[in-house]
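Engineer:
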DNA sequence: GTCTATACGCCGATAGAC
DNA sequence: GTCTATCGGCGTATAGAC
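Residue numbers (the numbering used here), protein chains in the order written: chain A, 252 to 494; chain B, 252 to 494.
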């Protein structure tokens with residue numbers, strides 16, 4: 252009794268366990284780290300961050316529980332590494348597109364439509380050979396986790412980029428009051444995140460019929476909505492007070 | 252050593268512990284239930300559902316840990332009771348407004364603007380003498396919790412109502428393809444939830460300057476955005492296939 | 001440097017005494 | 001209706017094997 256070996260369910264690497272070469276040890280370390288990341292990605296998307304236990308992650312990855320603390324410091328550190336790996340490239344893509352747009356239309360500002368497309372398309376399209384639904388959901392799943400967790404994380408991964416896009420939109424829509432534009436940008440982010448998360452409505456609310464839209468169709472549908480919304484006439488209901 | 256009595260920190264009721272009257276017991280039960288609800292509301296909003304432990308809730312309420320399972324069955328049951336208490340009235344308000352709109356404009360359909368206002372205003376305005384921010388946040392905080400939790404909850408609290416509003420919008424905008432309208436309604440829900448949650452962007456992203464908008468201003472800002480978005484010309488990029 | 005085994009203090013849940 | 005005791009699972013920390 253008492254043999255606790257319920258790990259290593261999937262495999263324990265292809266080579267023989269005797270290989271003590273330092274290069275082999277190094278590649279094994281990378282392998283462990285990568286296996287943890289892949290298992291964590293799948294489980295975080297499936298069950299959410301709080302809902303996926305480290306024991307489930309390490310069990311699925313076939314590694315020891317403590318390995319995650321050695322490589323990532325904590326469960327939150329693991330999430331951070333996962334986000335750096337996924338939303339980093341998305342945000343880089345967004346920024347490159349924005350800079351290209353601004354260079355192409357200089358000295359005029361690019362259209363709000365083009366800026367919004369640069370913001371939205373990378374978030375929905377990027378897949379890199381993986382199941383696209385999975386990659387997308389990870390980002391959306393993060394919002395709504397306990398606030399003390401999501402706050403610093405959003406600022407770190409998204410703060411500067413969001414402010415940069417708002418500045419671009421301010422130049423595209425100079426007639427719109429600054430505050431109103433900033434709120435509208437928040438509405439865009441909200442709609443995008445809700446779509447990305449795939450969490451609520453949709454299949455749940457209307458049955459599978461609504462889930463049919465392809466990624467490309469979804470981008471166009473969302474863009475049609477937010478372009479009209481952000482370009483709507485100013486409400487200007489608060490021309491008062493602060494002079 | 253080993254005396255585990257670290258509960259009862261706050262108090263243990265005002266009366267003497269001998270009072271065996273049945274009426275007193277009953278009112279004490281109601282009091283216990285209500286105290287749990289109030290403490291849970293505050294802590295769920297502050298730390299999120301997963302982040303607030305039952306021990307913290309019962310400790311703040313000054314009741315025993317097991318009481319929550321006696322009265323609500325589980326932590327999830329407690330959340331459910333809390334939502335019934337808060338989003339129930341909101342959804343009832345929404346439905347009454349919609350029915351009044353439809354009655355007033357019959358046999359024609361009410362405008363999409365009016366329907367959207369009936370959907371959004373109750374969610375942002377209702378407060379009932381409490382700190383309004385707190386009441387609003389509870390609803391928004393729920394989304395993004397682990398999907399197995401949020402799925403049935405959304406369907407139960409919101410499914411029928413959401414479908415009813417989509418039907419109304421379909422009558423208000425008959426020229427818009429059904430699928431496109433349903434997606435757009437999802438975008439509205441996403442933007443609304445993002446605002447309600449108060450979780451992300453906003454103060455975090457732009458500093459406190461953006462948090463200044465009053466509830467009434469916020470309703471108008473959001474309505475201006477979603478009215479334009481939902482009424483935008485159809486993209487119609489998928490007139491194909493299913494005939 | 002990489003990984004394993006083991007332990008600690010919380011958590012939600014439950015059974016049974018009062 | 002309330003409380004105590006206790007359960008298995010959780011995230012985390014660390015000592016030591018290789």
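Even for Gly, the Cβ is constructed at its ideal location relative to N, Cα and C.
1. Between the Cα of residue 432(A) and the Cα atoms of 360(A), 446(A) and 419(A), which residue gives the shortest distance?
2. Using the Cβ count rule (16 or more neighbours within 10 Å means buried), how would you classify residue 465(B)?
3. Give every residue of the same chain whose Cβ lies closer than 6 Å to the Cβ of residue 323(A), excluding the five residues on either side of it in the sequence, and list them in chain order.
4. Which residues of chain A have a Cβ atom closer than 8 Å to the Cβ of residue 446(B), listed in chain order?
5. What is the rounded straight-line gap between the Cα of residue 367(A) and the Cα of residue 477(A)?
6. Using three-state DSSP, classify residue 486(A) as helix, strand or coil.
7. Kindly list the residues whose CB is nearer than 7 Å to the CB of residue 422(B), restricted to its own chain and excluding five residues on each side of it in sequence; keep chain order.
8. Near residue 345(B), what residues of its chain come up, given a Cβ to Cβ distance below 7 Å and the 5 sequence neighbours on each side ignored?
9. If we ignore side chains and look at the alpha-carbon of each, how far apart do residue 437(A) and residue 416(A) end up?
10. Using the C-alpha atoms, what's the distance from residue 392(B) back to residue 297(A)?
11. Can you check whether the C-beta of residue 419(B) is within less than 8 Å of a C-beta belonging to chain A?
12. Anything in the stretch 300-320 of chain B with a Cβ closer than 7 Å to a Cβ of chain A? List those residues in chain order, please.
13. With distances taken from CA atoms, which of 470(B), 486(B) and 405(B) is nearest residue 364(B)?
14. Residues in the same chain with beta-carbon distance under 8 Å from residue 409(B), minus the five sequence neighbours each way, listed in chain order, please.
15. Here's the rule I'm using: 16 or more other beta-carbon atoms within 10 Å means buried, otherwise exposed. How should residue 350(B) be labelled?
16. In the structure shown, what three-state DSSP assignment does residue 416(B) receive?
17. Output yes or no for whether 8 Å exceeds the beta carbon distance between residue 482(A) and residue 443(A).
18. Determine the contact status of residue 334(B) and residue 319(B), defining contact as a CB-CB distance below 8 Å.
19. Output the boundary residues of the alpha helix (DSSP H) element that contains residue 448(A).
20. For the stretch 263-349 of chain B, which segments carrying the alpha helix (DSSP H) assignment without a break, of at least 4 residues, lie completely within its bounds, in sequence order?
21. In whole angstroms, give me the CA-to-CA distance for residue 317(B) and residue 357(B).
22. With residue 409(B) as the anchor, note down where its alpha helix (DSSP H) starts and where it stops.
23. Compare the C-beta of residue 335(A) with all C-beta atoms of chain B and state if any pair is closer than 8 Å.
24. Give me, in chain order, the residues of the same chain whose beta-carbon lies closer than 6 Å to that of residue 494(A); leave out the 5 immediate sequence neighbours on both sides.
25. Roughly how many angstroms lie between the CA atoms of residue 302(B) and residue 300(A), to the nearest whole one?
26. Exposed or buried, what is residue 325(B) when buried is set at 16 or more other beta-carbons lying within 10 Å of its beta-carbon?
27. For residue 293(B), which option in 429(B), 312(B) and 394(B) has the closest C-alpha, if you only look at C-alpha atoms?
28. Comparing the C-beta of residue 483(A) with each C-beta of chain B, is any distance below 8 Å?
29. What number of angstroms, rounded off, separates the C-alpha of residue 282(B) from the C-alpha of residue 390(B)?
30. Would you mind giving the Cβ-Cβ distance between residue 480(A) and residue 479(B), rounded to the nearest angstrom? I have them listed as a contact below 8 Å.
31. Any idea if residue 290(A) is buried or exposed, counting beta-carbon neighbours within 10 angstroms, 16 or more meaning buried?
32. Just how far apart, CA to CA, sit residue 362(A) and residue 401(A)?
33. Whole-angstrom Cβ separation of residue 475(A) and residue 441(B), contact assumed at under 8 Å?
34. Given residue 285(B), which residues of its chain have a CB within under 7 Å of its CB, disregarding the five upstream and five downstream residues?
35. Does residue 479(B) get closer than 8 Å to chain A when you measure Cβ to Cβ?
36. Report the neighbours of residue 328(A) on chain B: residues whose CB is nearer than 7 Å to its CB, in chain order.
Structural biologist: Reading from the atomic positions:
1. Residue mapping note: residue 432(A) aligns to position 181 of the first chain, counting from 1. When only C-alpha atoms are compared, the closest one is 419(A).
2. To locate residue 465(B), count along the second chain from 1; it is residue 214. It is exposed - the Cβ of residue 465(B) has fewer than 16 other Cβ atoms within 10 Å.
3. Taking the first residue of the first chain as 1, we reach residue 323(A) at position 72. Excluding positions up to five away in sequence, the list reads 329 and 332.
4. If you number the second chain from 1, residue 446(B) lands on position 195. What residue 446(B) touches in chain A: 437, 438 and 441.
5. Within the first chain, residue 367(A) is the residue found at index 116, counting from 1. Within the first chain, residue 477(A) is the residue found at index 226, counting from 1. Each residue's alpha carbon lies about 8 Å from the other.
6. Start at 1 with the first residue of the first chain, and residue 486(A) comes out as number 235. Residue state, collapsed to three classes: coil.
7. Working through the second chain from its first residue, we reach residue 422(B) at position 171. Taking residue 422(B) as the centre and dropping the five residues before and after it, the same chain places the C-beta of 360 closer than 7 Å to its C-beta, in chain order.
8. In the second chain, counting from the first residue as 1, residue 345(B) sits at position 94. Excluding positions up to five away in sequence, the list reads 369, 370, 373 and 412.
9. Locating residue 437(A) in the first chain gives position 186, where the first residue counts as 1. Locating residue 416(A) in the first chain gives position 165, where the first residue counts as 1. The C-alpha of residue 416(A) is placed about 11 Å away from the C-alpha of residue 437(A).
10. The sequence position of residue 297(A) within the first chain is 46, counting from 1. The sequence position of residue 392(B) within the second chain is 141, counting from 1. C-alpha separation (whole angstroms): 19 Å.
11. Counting from 1 along the second chain, the entry for residue 419(B) is found at position 168. Closer than 8 Å: no.
12. Answer in chain order: 301 and 302.
13. Locating residue 364(B) in the second chain gives position 113, where the first residue counts as 1. Nearest C-alpha to residue 364(B): 470(B).
14. The residue you call residue 409(B) lines up with position 158 of the second chain. Beyond the five residues adjoining it in sequence on each side, residue 409(B) comes within less than 8 Å, by CB distance, of 338 and 342 in the same chain, given in chain order.
15. Taking the second chain and counting its residues from 1, the one referred to as residue 350(B) is at position 99. By the C-beta density criterion, residue 350(B) is exposed, having fewer than 16 other C-beta atoms within 10 angstroms.
16. Residue numbering aside, residue 416(B) sits at position 165 when the second chain is read from its first letter. Under the three-state reduction of DSSP output, residue 416(B) falls in the helix class.
17. Position 231 of the first chain holds residue 482(A). Position 192 of the first chain holds residue 443(A). Not in contact: residue 482(A) and residue 443(A) (Cβ atoms no closer than 8 Å).
18. Position 83 of the second chain, counted from the first residue, corresponds to residue 334(B). Position 68 of the second chain, counted from the first residue, corresponds to residue 319(B). No, the pair does not count as a contact, with Cβ atoms beyond the cut-off.
19. On the first chain, position 197 is the one that residue 448(A) refers to. Here the alpha helix (DSSP H) through residue 448(A) covers 429-448.
20. Listed in chain order, they are 273-298, 305-312 and 318-323.
21. In the second chain, residue 317(B) corresponds to position 66, counting from 1. In the second chain, residue 357(B) corresponds to position 106, counting from 1. Near 53 Å, if we compare the C-alpha coordinates of residue 357(B) and residue 317(B).
22. Indexing the second chain from 1 puts residue 409(B) at position 158. Per DSSP, residue 409(B) is not a residue of any alpha helix (DSSP H), being assigned neither H nor E.
23. Sequence index remark: in the first chain, residue 335(A) carries index 84 (1-based). By this cut-off, residue 335(A) is not an interface position.
24. Start at 1 with the first residue of the first chain, and residue 494(A) comes out as number 243. Unreliable positioning characterises residue 494(A) in this predicted model, as indicated by a pLDDT of 39, which lies under 50. The coordinate reading is nonetheless provided below. Nothing meets the Cβ criterion.
25. The residue you call residue 302(B) lines up with position 51 of the second chain. The residue you call residue 300(A) lines up with position 49 of the first chain. Taking C-alpha positions only, residue 302(B) is separated from residue 300(A) by approximately 12 Å.
26. Within the second chain, numbered from 1, the residue matching residue 325(B) stands at position 74. Its Cβ having fewer than 16 others within 10 Å, residue 325(B) is exposed.
27. Residue numbering aside, residue 293(B) sits at position 42 when the second chain is read from its first letter. Looking at the Cα atoms, 312(B) is the closest of the given residues.
28. Within the first chain, numbered from 1, the residue matching residue 483(A) stands at position 232. At least one beta carbon of chain B lies nearer than 8 Å to the beta carbon of residue 483(A).
29. Mapped onto the second chain, residue 282(B) falls at position 31. Mapped onto the second chain, residue 390(B) falls at position 139. Rounded to the nearest angstrom, the two C-alpha atoms are 24 Å apart.
30. Position 229 of the first chain holds residue 480(A). Position 228 of the second chain holds residue 479(B). Confirmed, about 5 Å.
31. Position 39 of the first chain holds residue 290(A). Buried, since its Cβ has 16 or more Cβ neighbours within 10 Å.
32. Along the first chain, one-based indexing puts residue 362(A) at 111. Along the first chain, one-based indexing puts residue 401(A) at 150. So the two alpha carbons sit approximately 32 Å from each other.
33. What you label residue 475(A) is simply residue 224 of the first chain in a count that begins at 1. What you label residue 441(B) is simply residue 190 of the second chain in a count that begins at 1. About 15 Å separates the two Cβ atoms, so there is no contact after all.
34. Start at 1 with the first residue of the second chain, and residue 285(B) comes out as number 34. The answer is none, since no qualifying residue turns up.
35. Counting from 1 along the second chain, the entry for residue 479(B) is found at position 228. Chain A contact via Cβ: present.
36. As a position in the first chain, residue 328(A) is number 77, starting the count at 1. Simply none; closest approach about 18 Å.
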